[in-house]
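Quick notes on the structure that follows.
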Amino acid sequence: MILAVISDSHDRIDVLADIVEELNEADAVLHAGDLISPFVLRTLEKVKPEIHAVYGNNDGDRRTLYEWGLKYGVRFHGDFLVMKELGLFMSHNVESYKEALISSGKFRIVIGGHTHRAEIRKEGETLFINPGELCGYLTGRRTYAVVDVDTKDARIIEL
């Protein structure tokens, strides 16, 4: 299974629109928070694979994000997402407990966002992924990640 992992898009409809084709090549898309405004979800309607998202610290209007998400094919899971069948955990800001998640042995893949810094790290049997920022505001780099769940092969894609 191939996952496209994005985070911190911060209202960048233009960048989301630019990667719709790439997202459509994945089996599923995960968004690790900070979409920001509900109107951004309209752009994701063109994405064919299922989209799972968690809320970020800047996602203020959670109720409308959730409701519009249902309309445009984005399923919000709250502050964190656990996909037991994949051994996957995702939350926006995992920095304070990232090491505990990784060393727990409970997850094959741990995904976080928030820092805007792209990172892929394998520790033991656990793969940690921060796809960086799709918006490019803090680092000047617009990035996302692609991960093969079966092989745990992951890479950062820079636009």
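Using the numbering used here, read the sequence shown as starting at 69 and increasing by one per residue. Where a beta carbon is used, it is the ideal one built from N, C-alpha and C, also for glycine. These figures come from a predicted structure and were not determined experimentally.
_Determine whether the beta carbon atoms of residue 159 and residue 192 lie at a separation below 8 Å._
Locating residue 159 in the sequence shown gives position 91, where the first residue counts as 1. Locating residue 192 in the sequence shown gives position 124, where the first residue counts as 1. No. Outside cutoff.
_Cβ separation of residue 120 and residue 149, assumed to be a contact under 8 Å, to the nearest whole Å_ = Against the sequence shown, residue 120 aligns to sequence position 52. Against the sequence shown, residue 149 aligns to sequence position 81. Their Cβ separation, rounded to whole angstroms, is 6 Å, which keeps residue 120 and residue 149 in contact under 8 Å.
_DSSP-derived helix/strand/coil call for residue 206_ = By 1-based counting over the sequence shown, the position of residue 206 is 138. Correct three-state label for residue 206: coil.
_Which listed residue (144, 170 and 216) has its alpha carbon closest to that of residue 103_ = Mapped onto the sequence shown, residue 103 falls at position 35. Residue 103 has its Cα closest to that of 144, out of 144, 170 and 216.
*Indicate the three-state DSSP secondary structure (helix, strand or coil) for residue 188 in the structure shown.*
Stepping through the sequence shown from its first residue, residue 188 is reached at position 120. DSSP places residue 188 in strand when its eight states are reduced to three.
*Under 8 Å by Cβ, that's how I've got residue 154 and residue 217 pegged, so tell me the actual separation to the nearest angstrom.*
Stepping through the sequence shown from its first residue, residue 154 is reached at position 86. Stepping through the sequence shown from its first residue, residue 217 is reached at position 149. With a Cβ gap of about 6 Å, residue 154 and residue 217 count as contacting.
*Considering only C-alpha positions, which residue in the set 80, 94 and 123 is nearest to residue 101?*
Position 33 of the sequence shown holds residue 101. Considering only alpha carbons, the answer is 123.
*Exposed or buried, what is residue 80 when buried is set at 16 or more other beta-carbons lying within 10 Å of its beta-carbon?*
The residue labelled residue 80 in the question sits at position 12 within the sequence shown. Buried, because 16 or more other Cβ atoms sit within 10 Å of the Cβ of residue 80.
*Does at least one heavy atom of the ligand MG sit under 7 Å from the Cβ of residue 120?*
Annotation note on the ligand MG: not contained in the displayed structure, which lists no ligands.
*asked:* Taking the alpha helix (DSSP H) that residue 89 belongs to, which residues open and close that run?
replied: The sequence position of residue 89 within the sequence shown is 21, counting from 1. It spans 88 to 92 - the alpha helix (DSSP H) in which residue 89 sits, taken as one unbroken run.
*Local Cβ density within 10 Å of residue 219, reported as buried at 16 or more and exposed below that*: Reading the sequence shown from its first residue, position 151 is the one you call residue 219. Looking at its Cβ environment, which holds fewer than 16 other Cβ atoms inside 10 Å, residue 219 is exposed.
_With 16 other Cβ atoms within 10 Å as the buried cut-off, status of residue 205_ = Within the sequence shown, the letter at position 137 stands for residue 205. It counts as exposed.
*Using alpha carbons as the reference points, say which of 222, 221 and 213 lies closest to residue 90.*
Counting from 1 along the sequence shown, the entry for residue 90 is found at position 22. It is 213 whose Cα lies nearest to the Cα of residue 90.
*Does DSSP put residue 227 in a helix, a strand or coil?*
Along the sequence shown, one-based indexing puts residue 227 at 159. Looking at residue 227 - three-state DSSP - the assignment turns out to be coil, as it is neither helix nor strand.
*For residue 80, which three-state DSSP category applies?*
As a position in the sequence shown, residue 80 is number 12, starting the count at 1. Residue 80: coil per DSSP, three-state reduction.
*Roughly how many angstroms lie between the CA atoms of residue 225 and residue 195, to the nearest whole one?*
Stepping through the sequence shown from its first residue, residue 225 is reached at position 157. Stepping through the sequence shown from its first residue, residue 195 is reached at position 127. Going from the Cα of residue 225 to the Cα of residue 195 covers about 17 Å.
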